[in-house]
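I have placed the structure first, in the form of structure tokens, so that the comments after it can refer back to it.
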Amino acid sequence: MKHDKSFDVIVCGGGHAGVESALIASRLGCSVLLVTLDIKAIGRMSCNPAIGGLAKGQIVREIDVLGGIMGLATDKSGIQFKILNQSKGKSVWSPRAQVDKREYESFVSSRVLNNNKIEVLQGEVVSLLCSKYRAQGVVLRSGARAFGKSVILTCGTFLNGLIHIGQKKIRAGRMGESGAEGITEFLLSLGFIAGRLKTGTPPRLDSSSVNWGKTSTTRGDDLPLPFSYETSSFDPPNVACHTTTTNLNCKEVIQENLALSPMFSGDVGGVGPRYCPSIEDKVYRFAHHDSHTLFLEPEWLRSDQIYLNGFSTSLPEHIQLKALRLVPGLEHVRFFRPGYAIEYDFFSPAQLKSSLETKNISGLFFAGQINGTSGYEEAAAQGLIAGINAAKLIQEKEPLILKRSEGYIGVMVDDLITKDTLEPYRMFTSRAEYRILLRFSNAHARLCAHADKNNLLSPARYKKIRASLALIKKMLESLNHSVLPSKINSKLLALGESTINQATPLKNILKRPSVTLDSLALGVLGESNKESITKEAKIEVEAIIKYEGYIKRQQDQVDKMKKNESTPLPNNINYFEIKSISNEAREKLSFVQPETFGQAMRVSGVTPADISALSVLFLKRT
């Protein structure tokens, strides 16, 4: 960019958050400038070669229904797909995919670079143009300026990034990539409050140095489901991943060298993710365990580079090697790159509105790890919401605000802006008090109205979603039909279920524990249709029928909680006797003794799940 130009939306950062912001803003008719440190790194998967997982899979489905690209990119690049948690209730089933990093990045970057409403600029933003507490553009290190009606910062781990490998320190945003300096200091000058966080990554192994015969093989589902409703002709490969386990000898090497880890020597001031601990954290915090599972994941199809999931570390490289060469299958392992920790700046998301616009500067939005989150999926979801609302702000329309009862994205944003950020935020199903309502298989039912109202979807994706919803409705209607004993009793006996002696609605029979839609096999489900969307529809229909009572109860809770802001709590409650709330909630509530549910909701450390439990105990039933 050789001269000052003006855009509707300026996005700073080309990672998962920045990509979603730029693409959705352009879809909503905005001209977009995407500023990135490296054009070749757009959409880069800097850490694990996977998308989805527990709760994260639901987020990706929600991103897809709201017009994002992550689900479609995963389907195009996936090499193994699996639904996790299938031994549990369908409300916590979560899709996950191993992906080919190179294919994923190529697909995403091509969508950005070939979009005629997005101009991509390689450069570094060091400050903002502001006037009367409104963002009006950015200033680059080169001195060039770009004017914009809104600015979205999606800087990832690049803000004053510092890599740690033992006592070795490298100023970088990722290994081999320079960090970003200047923007933190500028934001501090505007009155923003910043902190430091840490994340880590494991070594990348040379696949030819692994003795695969000593590892265990894991594969995906035989009949996989895609993430995106836009995907058709879905027949991905089912590439094997492998596992091995650390042992007592490996543990002892790590224990003997904990002092060489920056996390334990005090070199790293940032707080790391509690739920994705380094191998040093595991050995230190869970000393009663002598072994931990390691996952060997290919970084692309027929990859010679293996991501060692479960061994995030900042120990010196020679200690990493010494410990791993005591693990079965890794006796002669070689590194392409050692594991490392990275420390970076973030800004407290309590400084944001629900739209992800900052409270202090109009037109300025934060999305991704700048808000203290970790994970591709969390970043992409924030980028999508920020991009939508930046466009809405310019168009003088109401922002898109998702409720906690509508999606995991709504849960995440609400958590970020109301809770203390003491560690990198990662989404879990347990964070959602209404998770029975937030199934991966009903993301389209929950969010389609928002997508339609805000014109977020391509015609192809919208058509597929409407067809899926129509199919589910038709299947539910067919289950209202009654079946005669002569048609069903033999099947019930084969399933170990008691027989019926009069005509009974199919939905009542489906509520039985051993009965599934496939086991009914009465021609009501279009059995000749073997497409994956029908498999997903079956999952959703079964969930609606089998959890009907629970779903109604949670929906009633959603409706009641709207009325409970001023509802008084009894005096002198002994919270330590309430086992259905967390330990932290017992301590905080005992100290504060809130007078109303509204006050209880705002006590730091008390989660919405705790409030939901209290409502069951103390709210007067109507």
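Heads up: the sequence shown begins at 1357 in the numbering used here, then just goes up one per residue.
We put the beta carbon where it would ideally sit given N, CA and C, even for glycine.
As the structure is a computational prediction, the values presented were derived from the model and not from experiment.
Contained alpha helix (DSSP H) runs [length at least 4] in the region 1456-1488, N- to C-terminal order: 1457-1469
Three-state class that DSSP yields for residue 1872 in the structure shown: On the sequence shown, residue 1872 is found 516 positions in, with the first residue counted as 1. Of the three classes helix, strand and coil, the one that applies to residue 1872 here is coil, per DSSP.
Where the beta strand (DSSP E) containing residue 1598 begins and where it ends: Looking up residue 1598 in the sequence shown gives position 242. Element bounds for residue 1598: 1597-1601.
Sufficient close CB pairs (3 or more, under 8 Å) joining the region 1500-1507 to the region 1654-1662: no
Cβ-based burial, residue 2021 [other Cβ within 10 Å; buried from 16]: Nothing can be reported for residue 2021, as the shown portion of the chain is limited to 1357 through 1978.
Counted within 10 angstroms of its Cβ, other Cβ atoms place residue 1633 as buried (16 or more) or exposed: The residue you call residue 1633 lines up with position 277 of the sequence shown. Residue 1633 comes out buried.
With 16 other Cβ atoms within 10 Å as the buried cut-off, status of residue 1972: Along the sequence shown, read from residue 1 onward, the residue named residue 1972 stands at position 616. Its Cβ having fewer than 16 others within 10 Å, residue 1972 is exposed.
Runs of beta strand (DSSP E) wholly within the region 1778-1838 (minimum 3 residues, chain order): none
Local conformation of residue 1953 per DSSP, three classes: For the purposes of this step, residue 1953 is taken as residue 597 along the sequence shown, with counting starting at 1. Residue 1953 falls in the helix class under three-state DSSP.
For residue 1375, three-class secondary structure by DSSP: In the sequence shown, counting from the first residue as 1, residue 1375 sits at position 19. Of the three classes helix, strand and coil, the one that applies to residue 1375 here is helix, per DSSP.
Paired residues, beta bridge with residue 1661 - DSSP: As a working mapping, residue 1661 is identified with position 305 in the sequence shown. In DSSP, residue 1661 forms a bridge with 1562.
Inter-residue Cα distance where the pair is residue 1832 and residue 1697: Numbered from 1 along the sequence shown, position 476 holds the residue referred to as residue 1832. Numbered from 1 along the sequence shown, position 341 holds the residue referred to as residue 1697. Taking the straight line from one Cα to the other gives about 50 Å.
Reference residue 1811; option with closest CA among 1385, 1375, 1376 and 1791: The residue you call residue 1811 lines up with position 455 of the sequence shown. Answer by Cα proximity: 1385.
Environment of residue 1578 [buried if 16+ CB atoms lie within 10 Å]: Position 222 of the sequence shown, counted from the start, is the residue given in the question as residue 1578. Its Cβ having fewer than 16 others within 10 Å, residue 1578 is exposed.
The region 1719-1732 / the region 1580-1587 touching (three or more Cβ pairs under 8 Å): no
First and last residue of the uninterrupted beta strand (DSSP E) at residue 1698: Within the sequence shown, residue 1698 is the residue found at index 342, counting from 1. First-last of the beta strand (DSSP E) with residue 1698: 1696-1703.
Check whether residue 1702 and residue 1553 have beta carbons under 8 Å apart: Here residue 1702 refers to the residue found at position 346 of the sequence shown. Here residue 1553 refers to the residue found at position 197 of the sequence shown. Their beta carbons are under 8 Å apart, which means residue 1702 touches residue 1553 by this criterion.
Element boundaries [beta strand (DSSP E), containing residue 1439]: Working through the sequence shown from its first residue, we reach residue 1439 at position 83. 1434-1440 is the span of the beta strand (DSSP E), which, as asked, contains residue 1439.
Separation of residue 1793 from residue 1978, as counted between CA atoms: Mapped onto the sequence shown, residue 1978 falls at position 622. Mapped onto the sequence shown, residue 1793 falls at position 437. Note that residue 1978 scores 36 on pLDDT, short of 50, meaning its location in the model is unreliable; the coordinates nonetheless yield the value given after this. Spanning the two alpha carbons is a distance of roughly 22 Å.
CB contact below 8 Å: residue 1876 versus chain D: Among the chains in the structure shown there is no chain D, since it carries only a single protein chain.
Beta-carbon separation (whole angstroms), residue 1898 vs residue 1446, contact threshold 8 Å: As a position in the sequence shown, residue 1898 is number 542, starting the count at 1. As a position in the sequence shown, residue 1446 is number 90, starting the count at 1. With a Cβ gap of about 7 Å, residue 1898 and residue 1446 count as contacting.
Coarse secondary structure for residue 1427, derived from DSSP in three states: Sequence index remark: in the sequence shown, residue 1427 carries index 71 (1-based). In this structure, residue 1427 counts as helix in the three-state DSSP scheme.
CA-to-CA distance, residue 1433 to residue 1613, given in whole angstroms: As a first step, residue 1613 is located in the sequence shown; it is residue number 257 there, counting from the start. As a first step, residue 1433 is located in the sequence shown; it is residue number 77 there, counting from the start. In a straight line, the C-alpha of residue 1613 is about 39 Å away from that of residue 1433.
Contact between the region 1839-1851 and the region 1900-1919 (3+ Cβ pairs under 8 Å): no
Cutoff 6 Å; reference residue 1509; Cβ partners in own chain excluding five residues on either side: Here residue 1509 is taken as the residue at index 153 of the sequence shown, counted from 1. Once the five neighbours on either side are set aside, the close Cβ partners of residue 1509 are 1368, 1722 and 1726.
Closest Cα partner of residue 1713 within the set 1695, 1478, 1700 and 1739: Here residue 1713 is taken as the residue at index 357 of the sequence shown, counted from 1. Selected option, being the one with the closest Cα: 1739.
CA-to-CA distance, residue 1900 to residue 1548, given in whole angstroms: Along the sequence shown, one-based indexing puts residue 1548 at 192. Along the sequence shown, one-based indexing puts residue 1900 at 544. The alpha-carbon atoms of residue 1548 and residue 1900 are separated by roughly 45 Å.
contact_flag[the region 1481-1496, the region 1448-1458] where n(CB pairs < 8 Å) is 3 or more: no
Length-filtered (3 minimum) beta strand (DSSP E) runs lying within the region 1688-1751: 1691-1693, 1696-1703 and 1720-1722
Contact under 8 Å by Cβ, residue 1481 with residue 1395: Position 125 of the sequence shown holds residue 1481. Position 39 of the sequence shown holds residue 1395. For residue 1481 and residue 1395, no; Cβs fall outside 8 Å.
Close beta carbons around residue 1883, own chain, < 8 Å, minus the five adjacent residues each side: Here residue 1883 refers to the residue found at position 527 when the sequence shown is read from its first residue. With a pLDDT of only 44 at residue 1883, under the threshold of 50, the placement of this residue in the model should not be trusted; the figure read from the coordinates follows. 1877.
Distance, residue 1474 Cα to residue 1383 Cα: What you label residue 1383 is simply residue 27 of the sequence shown in a count that begins at 1. What you label residue 1474 is simply residue 118 of the sequence shown in a count that begins at 1. The alpha-carbon atoms of residue 1383 and residue 1474 are separated by roughly 10 Å.
Beta carbon of residue 1745 nearer than 8 Å to that of residue 1682: Here the question's residue 1745 lines up with position 389 in the sequence shown. Here the question's residue 1682 lines up with position 326 in the sequence shown. The answer is no: Cβ separation not under 8 Å.
Burial state of residue 1568 (16 or more Cβ within 10 Å): Taking the sequence shown and counting its residues from 1, one reaches residue 1568 at position 212. Burial call: exposed.
Paired residues, beta bridge with residue 1685 - DSSP: Within the sequence shown, numbered from 1, the residue matching residue 1685 stands at position 329. Partner(s): none; residue 1685 has no beta bridge.
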